[in-house]
Amino acid sequence: MVGLGWTLISDIAPKGLGGLTGGLFNFCANLAGILTPLIIGFIVAASGNFFYALIYIGGAALLGVAAYVFILGDVKRIELSQ
145 MVGLGWTLIS DIAPKGLGGL TGGLFNFCAN LAGILTPLII GFIVAASGNF FYALIYIGGA
205 ALLGVAAYVF ILGDVKRIEL SQ
């Protein structure tokens with residue numbers, strides 16, 4: 145999904161703000177990369193197996209797909225007034 149995210153950033157970011165929006169996108173992606181192993185570790189420690197951790201990963205993936213499909217809406221460049 146990261147490739148799709150970068151494509152959307154380049155398509156909808158206001159002119160001159162591609163770096164800022166890309167930085168925010170990377171911040172969120174890296175935050176997820178830090179938190180997900182911690183969450184999975186807690187799930188595995190509590191349950192003793194990876195079953196619920198895999199359920200968590202599947203749910204997170206479905207949430208991401210739902211966000212792209214239902215929340216994103218029309219893809220067009222955001223224009224800022226001066």
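Just so you know, we're using this note's numbering here: the sequence shown kicks off at 145 and counts up by one.
All residues carry an ideal CB built from backbone N, CA and C; glycine is no exception.
Coil, strand or helix - residue i by DSSP
i	result
V188	helix
G162	helix
A173	helix
L134	The displayed coordinates of the chain run from 145 to 226. Any statement about residue 134 would go beyond what the structure contains.
L148	helix
S154	helix
I178	helix
Residue range of the alpha helix (DSSP H) that includes residue i
i	result
G203	195–210
CA-to-CA distance, residue j to residue i, given in whole angstroms
i	j	result
L152	L206	19 Å
F195	K159	45 Å
L164	A204	25 Å
N170	G208	15 Å
A189	I183	10 Å
Reference residue i, options the options, closest by Cα
i	options	result
T180	W150, A197, G160, L161	A197
I222	I187, I201, A157	A157
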